[in-house]
Amino acid sequence: MIRDITLGQYYPSKSVIHELDPRMKIILTLIFIIQLFIVKSFLGFAISAVPLVMFLVLSKVPIRYILRGMKPIFFILIFTFLLNMFMYPGDIIFKLGFLKLTKQGIYMALFMGIRLTMLIIGSSLLTFTTTPIKLTDGIEKLLHPTKRIGVPTHEVAMMMSIALRFIPTLIEETDKIMKAQQARGADFESGNILQRGKALIPILVPLFVSAFQIAQDLAMAMEARCYRGGEGRTRLHEMRYEGKDYIAFFTELAFLGAVIALRYLR
Numbered sequence: 064m065i066r067d068i069t070l071g072q073y074y075p076s077k078s079v080i081h082e083l084d085p086r087m088k089i090i091l092t093l094i095f096i097i098q099l100f101i102v103k104s105f106l107g108f109a110i111s112a113v114p115l116v117m118f119l120v121l122s123k124v125p126i127r128y129i130l131r132g133m134k135p136i137f138f139i140l141i142f143t144f145l146l147n148m149f150m151y152p153g154d155i156i157f158k159l160g161f162l163k164l165t166k167q168g169i170y171m172a173l174f175m176g177i178r179l180t181m182l183i184i185g186s187s188l189l190t191f192t193t194t195p196i197k198l199t200d201g202i203e204k205l206l207h208p209t210k211r212i213g214v215p216t217h218e219v220a221m222m223m224s225i226a227l228r229f230i231p232t233l234i235e236e237t238d239k240i241m242k243a244q245q246a247r248g249a250d251f252e253s254g255n256i257l258q259r260g261k262a263l264i265p266i267l268v269p270l271f272v273s274a275f276q277i278a279q280d281l282a283m284a285m286e287a288r289c290y291r292g293g294e295g296r297t298r299l300h301e302m303r304y305e306g307k308d309y310i311a312f313f314t315e316l317a318f319l320g321a322v323i324a325l326r327y328l329r
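Its first residue numbered 64, the sequence shown is counted upward by one per residue in my numbering.
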């Protein structure tokens, strides 16, 4: 289960999506998220799925890699699905105690399940196709106008990138700690959910110690290389929008317009 978490991981490949400007990929992700929250019907989700599938195919990221990343959040999806199904008011189909299965509840459960699934896949595509360094540069460039009001854009972008970068590292460290404790007789698989949760508590202490050690090593490495923030720093490759960036932008914008038209003009 720990190894199935792919959040924050980069999948190396030579594809059109990988070559897009990181700023454009961040913008496209934000537009797609807005588009999903504008949707009010299953037809809207069908329209939104077209650019998502198109970008996934062009990215050349294996579907099994994407589905593997969905496993750790499967419990959240099921919990959200059941919560909406049995707690949403409406025309009652089945009733057992305080649990009520309604037509509107089934509709809302399917609606929210699709929205969450597409939201996670669309957001994950950004980190699958963008290296942490390019992601940092893209965030910094997009936040650059806020620098005039005192926002430390470089530092903010660096912190966000480091946080994403170290998710796989901490996952790997957690896996090592769990295997070491299992070798000493620890049991993380038997018992109910509460017992399993309680068994994970001894993992937290060594994990926090390891995380602070990694942070300290990173700080010392940056200081040894005379890192002093973003002032005066230059880049080997300057970012610039190309034709494929504009094609991707206007393509996503067209689908956003279709979703808006479907919602307000129907």
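For every residue, glycine included, the Cβ atom is placed at its ideal position computed from N, Cα and C.
query                                                                                                                                                                          : result
I need the straight-line Cα distance from I277 to I212, nearest angstrom please.                                                                                               : 33 Å
Restricting to Cα atoms, I'd like to know which of E305, K103, E286, I139 is closest to Y327.                                                                                  : K103
Start and end of the alpha helix (DSSP H) containing F161?                                                                                                                     : Counting along the chain, F161 falls outside any alpha helix (DSSP H), and DSSP gives it neither H nor E.
Are there 16 or more other CB atoms within 10 angstroms of the CB of D308, so buried, or fewer, so exposed?                                                                    : buried
Just to confirm before moving on: does the CB-CB distance between G331 and F95 stay below 8 Å?                                                                                 : Past the boundaries of the shown model lies residue 331; the chain is included only from 64 to 329, so the question cannot be answered.
Between P114, Y170, D200, which has its C-alpha nearest I59's C-alpha?                                                                                                         : Past the edges of the chain, shown from 64 to 329, lies residue 59, and the structure says nothing about it.
Going residue by residue through the segment 155 to 236, where are the continuous beta strand (DSSP E) segments of at least 3 residues, counting only ones entirely within it? : 155 to 159, 162 to 165
Do you know offhand how far L140's Cα is from L179's?                                                                                                                          : 7 Å
Mapping DSSP to helix, strand and coil, what is K242?                                                                                                                          : helix
Would the beta-carbon of I110 fall within 8 Å of that of L257?                                                                                                                 : no
When the Cα of S76 is compared with those of I97, L99, T199, V120, which residue comes out closest?                                                                            : V120
Alpha carbon to alpha carbon, how far is G168 from N147? Give it in angstroms, no decimals.                                                                                    : 6 Å
Would you mind giving the Cβ-Cβ distance between M87 and F312, rounded to the nearest angstrom? I have them listed as a contact below 8 Å.                                     : 6 Å
Can you grab the Cα-Cα spacing for the pair T237 / F144, in whole Å?                                                                                                           : 29 Å
Quick one, which of Y73, L115, Y74 has its alpha-carbon nearest L91's?                                                                                                         : L115
Could you give the residue range of the alpha helix (DSSP H) that holds Y290?                                                                                                  : Note, Y290: premise wrong, no alpha helix (DSSP H); not H, not E.
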